[in-house]
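For reference, the structure is listed below as structure tokens.
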Amino acid sequence: MISTVVIPVVVLAYAFAYIYRRWTARLSLSDIPGPKSSSFLLGNLSELYAGAAEADLRWKRTFGPIVRYKGIFKQDHLMISDPKALRYILHTSAYRFLKETGGSRAPSHLLSGHSLNSVDGEAHRRQRKVMLPAFGGPEARALFPVFKKISQELVARWKDVIFQDTNSQSESAVFNIPRWLSRATLDAIGEAAFDYQFGALDNAETELGKAYANVSMTFFGIPTFSRIFSIALMDCLPSWLVLKLFATLPNQRYRQMCYTSDVSKRVAKRLVQEKRGAVELGKASRDVMSLLVKANASTNPKAQLSDEELYAEMRIILFAGHETTSTTLTWTLWELAKHRDIQTRVRNEIREAEAKVQAKGQTELGLSDIESMPYVQAVLKEALRFHPAIPRIARLVKDDQVIPLSKPIRTKSGAMLSELAIPGGTKILLTIAAYNRDEELWGPDADTFNPDRWLTSYERNGEYASLGVVGNTMTFSSGTRSCIGWRFAMNEMQCFLVDLISNFEFSLPEDGKRIRREVPLLMFPVVEGEVQDGVKLPLRISIAARD
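Counting the sequence shown from 1 gives a position; this note's numbering is that position plus 44.
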């Protein structure tokens, strides 16, 4: 075991060596405007992590699309929302901007191994090439019946609760929405991605289900002073040292990470073996993992994924795939509960579509029917724009870069810059939240939830680069590292949204509790004054009337 004296010495040596290199960098960011910092230890990080991307929006309004802020020990970092700069970073020179910084790779490697989400360069290019066939348009559409099955199970569970509530005189009940949606999307991704039955909606106690229950909040939690500092300090250390520290100075969070990692890897190994056997017998299913194993087998052996990489891909699909979807749906239902007129318009459009398919002799809506509902699509796109599940993404500048800008920025000294020189080693935050609310892109009502913006003839400002994979939003990222499962997620969310609005009416509870957004990793809802309860957004649900 490493000595308790050696540990802090090694940590401080690495940290200060890293910071010294940053302070003595050839290029300086000191002339870029940004907020003042009164803390040497945390810089602007307390403000950055207070709430969910509130600082991003505030700094964008005050300082513009390029903001210099301070990290620990007054290191200079950048926050970027300029579209042309984002396109350069995510498309043109994606592999010059590393996915994760320093030791912050350690939790990713511990939880999901060396997956598509955590590797860079040639390893990322090779993994993505093998994985893409499993996430194509036809493959995602083929999974719609799975999403339909799970969404109908959720509808049945909610109706059971409402009708069993003997104290309810109005056939309604209050539900903690994210708790239910997280379980439903876990079931959906288990069945669609791996042909694995979690049974989360049935409260089944599967080992893998227990390991992934509330995984993001469990591991990352609400940012505190010590947590913010430790996360920032990890960025100054190599990944191997952070993993060594985790093992040497264990705590409950680390033990839970190890448990989740061990369980998920064990199940992944078994499933990969089963899928490989089915592929060899010509009996492969249509789930994502079966398609991935099949695609990998037909790839040039030198480009194939190793078994360890296959295990890692399954784990990251599971980790990243269910809470992002449930979080987006949660915020969508919250907006519809606040804006009952919008909710009514959505339901009316669904009723019209239901009548049309019934007139044709069909019993239920298919994916093509849902995709043909313009207002449903507008509401979902607006929810993605307004409530990005991941509000910002970090990159580490690999070497000195000169980044183009959409419009010149004015420095503190008054100089105008049409491009920005950034020293290698700089940490940058690409703020999805601020980009998604840029008035230059979305109009003067960018800070308003307004689905009608997607139904007008408004055209994107031609001066700005086109980004993203859905409606010029950055919610699924963009370019080389855009979310590989975005079609999968869109089909799932459309299915759930239509089934839920068709069957239920959503309203705010009478107690008037205030909801706020927090970002332990995703943009989760919590109730003001009840943060200790974790992810929570209560809504009153009643049975929707039918003519």
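All residues carry an ideal CB built from backbone N, CA and C; glycine is no exception.
Just so you know, these numbers come straight off a predicted model, no measurement behind them.
Residues that T122 bridges to, as DSSP identifies them: According to the sequence provided, residue 122 is Leu. The question's Thr does not apply to it. Answer is R112, I472.
Within 10 angstroms of the Cβ of I585, are there 16 or more other Cβ atoms? Answer buried if so, exposed if not. buried
For a minimum of 4 consecutive residues, which ranges assigned as the alpha helix (DSSP H) are wholly contained in the segment 518 to 554? Along the length of the segment 518 to 554, whole alpha helix (DSSP H) runs at least 4 residues long occupy 530 to 547, reported in chain order.
Coarse secondary structure for L440, derived from DSSP in three states: Three-state result, L440: strand.
Backbone secondary structure at A589 - three-state DSSP: coil
Between G253 and the rest of its own chain, which residues show a CB-CB distance below 6 Å, the 5 nearest in sequence each way excluded? So the list reads F242, A244, once near-sequence residues are dropped.
Are the C-beta atoms of A490 and some chain B residue less than 8 Å apart? No chain B appears in the structure shown, which is made up of a single protein chain.
Going straight from the alpha carbon of R454 to that of R330, what length do you get? Spanning the two alpha carbons is a distance of roughly 54 Å.
Keeping to the same chain, check which residues put their C-beta closer than 8 Å to that of F188; ignore five residues upstream and five downstream. G410, L411, N535, C539
For T189, which of helix, strand or coil comes out of DSSP? According to the sequence provided, residue 189 is Pro. The question's Thr does not apply to it. Three-state DSSP puts P189 in a helix.
When you compare only the Cα positions, how much space is there between D239 and N247? Rounded to whole angstroms, D239 and N247 show a C-alpha spacing of 18 Å.
Going by C-alpha distance, which of S74, A237, K118, G108 is nearest S90? Looking at the Cα atoms, K118 is the closest of the given residues.
If distances are taken between C-alpha atoms only, which option among A99, E98, Y113 comes closest to G78? Y113
Let me confirm a value: A422 is counted as buried when at least 16 other C-beta atoms fall within 10 Å, else exposed. Which label applies? buried
How long is the line joining the alpha carbons of A339 and R314, rounded to whole angstroms? A339 and R314: Cα-Cα distance of roughly 18 Å.
Contact under 8 Å by Cβ, M175 with L336: yes
Compute the distance between the beta-carbons of K580 and P569, then report whether it is under 8 Å. yes
Candidates I528, L566, G157: closest to A184 by CA position: I528
Is the beta carbon of M333 less than 8 Å from the beta carbon of P151? no
What is the DSSP secondary structure of F430, counted as helix, strand or coil? Here F430 carries a helix assignment [DSSP, helix/strand/coil].
Given a cut-off of 8 Å on the beta-carbon distance, is the pair I434 and I124 in contact? no
Would you call the CB atoms of M567 and T369 closer than 8 Å? no
I need the DSSP call for A465, collapsed to helix, strand or coil. Residue state, collapsed to three classes: strand.
Indicate whether the contact test is met: 3 or more Cβ pairs, each with one atom in the segment 296 to 312 and one in the segment 164 to 171, closer than 8 Å. Flag = no, the segment 296 to 312 and the segment 164 to 171 do not touch.
On the DSSP bridge list, what partners appear for L142? L440
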